[in-house]
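Heads up: the structure comes next, in structure tokens.
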Amino acid sequence: MASDTSTNVTTPTADAPNLLDAFPDKRQALEEYLDSLPLARAAGRKKGFLIQSLHRAQAIFGYLPEEVQVLVAKKLELHLSEVYGVISFYSFFTDKPVGKHKINVCTGTACFVRGADIILQEFARQLKISEGETSEDGMFSLGGLRCVGACSLAPVVMVNEDVEGNVEPPMVKKIIRRCMQEGE
Ligand code: FES
61 MASDTSTNVT TPTADAPNLL DAFPDKRQAL EEYLDSLPLA RAAGRKKGFL
111 IQSLHRAQAI FGYLPEEVQV LVAKKLELHL SEVYGVISFY SFFTDKPVGK
161 HKINVCTGTA CFVRGADIIL QEFARQLKIS EGETSEDGMF SLGGLRCVGA
211 CSLAPVVMVN EDVEGNVEPP MVKKIIRRCM QEGE
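In our numbering, the protein residues as written are 61 to 244.
See below:
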């Protein structure tokens with residue numbers, strides 16, 4: 061029997077547009093993908109499709125707001141809490157909008173002892189956002205992450221997919237400016 065997905069569901073607030081309504085073409089793309097899954101043959105094992113479905117949903121919408129989680133839960137006949145549990149467990153899933161440029165300061169031990177916290181504070185100050193937030197114009201997301209395996213370059217900042225090493229506070233402005241120029 062299908063799980064009840066109607067509990068724990070809150071209606072998106074007026075200032076948070078419902079992505080499914082705002083982007084019907086994307087909604088259709090996700091529904092077509094979910095409908096293409098061989099769910100009928102996976103009776104009782106539909107959770108096995110959850111991670112790949114969330115990857116697809118995030119690729120389509122950029123992130124996984126509640127209305128998208130509800131849609132995935134309904135199609136896979138899972139409880140919303142199961143969907144949310146997976147999203148919150150894996151760091152590559154996010155339920156918040158992500159900026160065009162992702163700035164992630166490594167706060168692993170080697171980077172921390174070489175001033176990563178100061179670098180993070182400087183990004184926060186200049187971008188006027190806190191760790192875990194996205195700027196209002198959607199240009200930047202700021203986050204922290206654990207060792208990226210480049211400790212000899214500490215402190216390290218991931219700027220989108222690129223590793224920026226030996227970062228000092230005066231470099232923060234240059235990194236932001238470079239991102240903005242790339243975004244023009
Ligand atoms: S601790 Fe930052 S790269 Fe290893």
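Built from N, CA and C at the ideal position, the CB exists for glycine as well. None of the values given here were measured: they were computed from a predicted structure.
Residue i CB to nearest heavy atom of the ligand FES below 7 Å
i, result
"residue 209", "yes"
"residue 117", "no"
"residue 239", "no"
"residue 168", "yes"
"residue 219", "no"
"residue 227", "no"
"residue 216", "yes"
Closest Cα partner of residue i within the set the options
i, options, result
"residue 120", "217, 88, 174, 186", "88"
"residue 114", "134, 137, 143", "143"
"residue 91", "162, 224, 178, 135", "135"
"residue 155", "165, 126, 177", "126"
"residue 227", "189, 177, 105", "177"
"residue 77", "99, 100, 128", "128"
"residue 231", "97, 181, 193, 131", "181"
Alpha-carbon spacing of residue i relative to residue j, whole angstroms
i, j, result
"residue 201", "residue 123", "13 Å"
"residue 3", "residue 174", "Nothing about residue 3 can be read from this structure; the chain reaches only from 61 to 244."
"residue 237", "residue 217", "15 Å"
"residue 172", "residue 186", "20 Å"
"residue 293", "residue 165", "Within the shown structure, residues of the chain are numbered from 61 to 244, placing residue 293 beyond reach of any answer."
"residue 190", "residue 109", "34 Å"
"residue 220", "residue 99", "35 Å"
"residue 82", "residue 150", "27 Å"
"residue 86", "residue 239", "27 Å"
"residue 95", "residue 233", "47 Å"
"residue 93", "residue 235", "38 Å"
"residue 133", "residue 194", "26 Å"
"residue 116", "residue 131", "13 Å"
"residue 148", "residue 97", "24 Å"
"residue 105", "residue 229", "50 Å"
"residue 118", "residue 101", "25 Å"
Classification of residue i by the beta-carbon crowding that lies within 10 angstroms, buried from 16 upward
i, result
"residue 64", "With a pLDDT of only 39 at residue 64, under 50, the local geometry of the prediction cannot be trusted, and the value read off the model is given with reservation. Classification for residue 64: exposed."
"residue 241", "exposed"
"residue 168", "buried"
"residue 203", "buried"
8 Å CB neighbourhood of residue i in its chain, flanking five on each side removed
i, result
"residue 107", "136, 138, 142"
"residue 146", "110, 111, 114, 153"
"residue 207", "166, 168, 169, 170, 171"
"residue 158", "122, 123, 194, 201"
"residue 188", "195"
Own chain partners of residue i with C-beta closer than 7 Å, once the 5 adjacent residues on each side are dropped
i, result
"residue 210", "216, 223, 225"
"residue 192", "203"
Neighbourhood of residue i by C-beta distance below 6 Å, restricted to the same chain and skipping five residues each side
i, result
"residue 170", "211, 214"
"residue 162", "201, 220"
"residue 80", "87, 127"
"residue 179", "165, 215, 227"
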